[in-house]
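The next block holds one structure in the form of structure tokens; read it before the comments.
Residue numbers (the working numbering), protein chains in the order written: chain Z, 1 to 235; chain H, 1001 to 1214.
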């Protein structure tokens, strides 16, 4: 099949509502969103806590979080595989080769991204914001909610980056999910499989979906920011 | 109203100040002067619980309190305003009502107090404005209203007229006496001659780590 035939085939699959293709998209999006929803509260509160608290070993924690950003997802997949396999410590959950297993992987992959971005956003905030909240009698929880609201675009950027990382990863989903059609086959594992079979149409179609999701997420971010950066750039 | 015995502040081995006794009376205004780096802002931040320091004993409104850990009850009685106040990403009214909301005050009651505070500070016309559109003088007046609305026993103002000039400065200067009339003790770190020479203001000077009353 030539490149143009593959592209035509890809758009045919997309616009004719191919159920296999859209099932793959649904599995990818739903597991990624669920993973993010689980990881985000822990990561955002954790990132805030690390940014705002002085404690022994803080620099080591930051170093480990940042190092975790570059962990290969296939390594995370391997560790999770060992944990979730029948004789592993979490084998009783029977999550291996299942969607909950993929979600667990997405949580582990998303955590350091969300944590590191939130930490950076809170650290970059004007220190007078937290001091003003404290000096006006805000409780620690209110100080946190105030500051996180002030750095909301940074937190949103963290969530968008986390989503980008989990929806585009292939190693962990392949190892923990097992690439089972209709069950654990995600966009990336499907692209890998179809390409290995020489079937490019579905791979291109799924790639178009991935790019569209990335454009939509970043477009939403720009709208939320009121296009402030672009305006400054023009000025 | 406030007394602290042997208040010391160090940065590593460097002693910034060592005050044998620090006392403030109720409903009085004080100006705190001194050279740059003398520790004026730091002293205000220590009193607000924003910077650590050592004290042998502390009494507030007749009750013994500790400087560290700083009691939550003191945070409701002592309010600190930065030299360049920062505004939260909400309307002017939302900023002024911030502390009331933090205290869990009912919306209707808080709105009434916010309205009064805006009227006092002359910022009623800015009620719905976003803080990013405010001038330096307007921000300072909103910050004063945000602090005054809480009726603090002790109000700490760090250089309230710094970087203001002309009418903006006059407007801020005009608000200061009414703060003590409302019952607050006000301590202002400043270099501003007009603030220092306000009537009924006690003058404190930080020099070589000691406090002098002039």
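Where a beta carbon is used, it is the ideal one built from N, C-alpha and C, also for glycine. The structure displayed is predicted, hence computed values, not measured ones.
Per DSSP, residue i is paired with what?
{"i": "residue 4 (chain Z)", "result": "According to DSSP, which records beta bridges pairwise, residue 4 (chain Z) is partnered with nothing at all."}
{"i": "residue 1064 (chain H)", "result": "H:1059"}
{"i": "residue 1004 (chain H)", "result": "H:1022, H:1058"}
{"i": "residue 1188 (chain H)", "result": "H:1031, H:1157"}
{"i": "residue 1212 (chain H)", "result": "H:1205"}
{"i": "residue 81 (chain Z)", "result": "The partner list for residue 81 (chain Z) (beta bridge, DSSP) is empty, contrary to what the question assumes."}
{"i": "residue 1081 (chain H)", "result": "H:1157"}
{"i": "residue 1010 (chain H)", "result": "H:1015"}
Hey, out of the options, whose CA is closest to residue i's CA?
{"i": "residue 80 (chain Z)", "options": "Z:175, Z:134, Z:57, Z:151", "result": "Z:175"}
{"i": "residue 1155 (chain H)", "options": "H:1189, H:1133, H:1137", "result": "H:1189"}
{"i": "residue 1087 (chain H)", "options": "Z:131, Z:8, Z:11, Z:220", "result": "Z:131"}
{"i": "residue 1208 (chain H)", "options": "H:1072, H:1153, H:1183, H:1033", "result": "H:1033"}
{"i": "residue 1010 (chain H)", "options": "H:1031, H:1003, H:1052, H:1083", "result": "H:1052"}
{"i": "residue 214 (chain Z)", "options": "Z:53, Z:29, Z:94, Z:62", "result": "Z:29"}
{"i": "residue 1044 (chain H)", "options": "H:1193, H:1194, H:1171, H:1158", "result": "H:1158"}
{"i": "residue 1168 (chain H)", "options": "H:1147, H:1140, H:1183", "result": "H:1140"}
{"i": "residue 140 (chain Z)", "options": "H:1064, H:1075, H:1020, H:1059", "result": "H:1075"}
{"i": "residue 53 (chain Z)", "options": "Z:143, Z:169, Z:108", "result": "Z:143"}
{"i": "residue 95 (chain Z)", "options": "Z:168, Z:170, Z:184", "result": "Z:184"}
{"i": "residue 66 (chain Z)", "options": "Z:84, Z:167, Z:50", "result": "Z:50"}
{"i": "residue 1137 (chain H)", "options": "H:1083, H:1026, H:1103", "result": "H:1083"}
{"i": "residue 126 (chain Z)", "options": "Z:108, Z:116, Z:148, Z:107", "result": "Z:148"}
{"i": "residue 221 (chain Z)", "options": "Z:152, Z:169, Z:170", "result": "Z:152"}
{"i": "residue 9 (chain Z)", "options": "Z:201, Z:224, Z:73, Z:218", "result": "Z:201"}
{"i": "residue 1002 (chain H)", "options": "H:1027, H:1015, H:1126", "result": "H:1027"}
{"i": "residue 1016 (chain H)", "options": "H:1041, H:1029, H:1164", "result": "H:1041"}
{"i": "residue 1124 (chain H)", "options": "H:1035, H:1094, H:1105, H:1163", "result": "H:1094"}
{"i": "residue 173 (chain Z)", "options": "Z:199, Z:88, Z:78, Z:219", "result": "Z:78"}
Contact check, residue i vs residue j under 8 Å by CB: the rounded distance?
{"i": "residue 1024 (chain H)", "j": "residue 1185 (chain H)", "result": "5 Å"}
{"i": "residue 1213 (chain H)", "j": "residue 1204 (chain H)", "result": "6 Å"}
{"i": "residue 113 (chain Z)", "j": "residue 165 (chain Z)", "result": "5 Å"}
{"i": "residue 1079 (chain H)", "j": "residue 1152 (chain H)", "result": "4 Å"}
{"i": "residue 203 (chain Z)", "j": "residue 194 (chain Z)", "result": "5 Å"}
{"i": "residue 1056 (chain H)", "j": "residue 1005 (chain H)", "result": "5 Å"}
{"i": "residue 31 (chain Z)", "j": "residue 102 (chain Z)", "result": "5 Å"}
{"i": "residue 205 (chain Z)", "j": "residue 21 (chain Z)", "result": "6 Å"}
{"i": "residue 182 (chain Z)", "j": "residue 97 (chain Z)", "result": "The Cβ separation is near 13 Å, so there is no contact."}
{"i": "residue 72 (chain Z)", "j": "residue 171 (chain Z)", "result": "6 Å"}
{"i": "residue 224 (chain Z)", "j": "residue 156 (chain Z)", "result": "6 Å"}
Quick check: residue i and residue j, are their CB atoms within less than 8 Å of each other?
{"i": "residue 1099 (chain H)", "j": "residue 137 (chain Z)", "result": "yes"}
{"i": "residue 154 (chain Z)", "j": "residue 121 (chain Z)", "result": "yes"}
{"i": "residue 158 (chain Z)", "j": "residue 118 (chain Z)", "result": "yes"}
{"i": "residue 35 (chain Z)", "j": "residue 110 (chain Z)", "result": "yes"}
{"i": "residue 1113 (chain H)", "j": "residue 134 (chain Z)", "result": "no"}
{"i": "residue 1143 (chain H)", "j": "residue 1081 (chain H)", "result": "yes"}
{"i": "residue 1120 (chain H)", "j": "residue 1145 (chain H)", "result": "yes"}
{"i": "residue 108 (chain Z)", "j": "residue 38 (chain Z)", "result": "no"}
{"i": "residue 1073 (chain H)", "j": "residue 1096 (chain H)", "result": "no"}
{"i": "residue 187 (chain Z)", "j": "residue 25 (chain Z)", "result": "yes"}
{"i": "residue 1150 (chain H)", "j": "residue 1173 (chain H)", "result": "no"}
{"i": "residue 1029 (chain H)", "j": "residue 1200 (chain H)", "result": "yes"}
{"i": "residue 1128 (chain H)", "j": "residue 1171 (chain H)", "result": "no"}
{"i": "residue 84 (chain Z)", "j": "residue 93 (chain Z)", "result": "yes"}
{"i": "residue 1211 (chain H)", "j": "residue 1022 (chain H)", "result": "yes"}
{"i": "residue 115 (chain Z)", "j": "residue 12 (chain Z)", "result": "no"}
message: Against chain H, which members of the stretch 121–139 of chain Z pass a CB distance test of less than 8 Å?
response: 126, 128, 129, 131, 132, 133, 134, 135, 136, 137, 138, 139
- request: Please list the residues of the stretch 1091–1104 of chain H that have a C-beta atom closer than 7 Å to any C-beta atom in chain Z, keeping them in chain order.
  value: 1098, 1099, 1102, 1103
- prompt: Going along the chain, which residues of the stretch 1067–1079 of chain H sit with their C-beta nearer than 7 Å to a C-beta in chain Z?
  reply: 1075, 1076, 1079
field: Residues in the stretch 191–203 of chain Z having any Cβ partner in chain H nearer than 7 Å
entry: From the stretch 191–203 of chain Z, no residue has a Cβ closer than 7 Å to chain H.
task: Output, in sequence order along the chain, the residues in the stretch 1119–1148 of chain H whose CB is closer than 8 Å to any CB in chain Z.
output: Listed by position, the residues of the stretch 1119–1148 of chain H near chain Z (Cβ gap below 8 Å) are 1146, 1147.
Proximal residues, the stretch 144–164 of chain Z versus chain H, C-beta separation under 9 Å: 146, 149, 150, 152
- prompt: At a Cβ cut of 7 Å, what residues of the stretch 1046–1061 of chain H count as close to chain Z, listed as they run along the chain?
  reply: 1048, 1050
message: Please list, in chain order, the residues of the stretch 21–39 of chain Z that have any C-beta partner in chain H closer than 7 Å.
response: none
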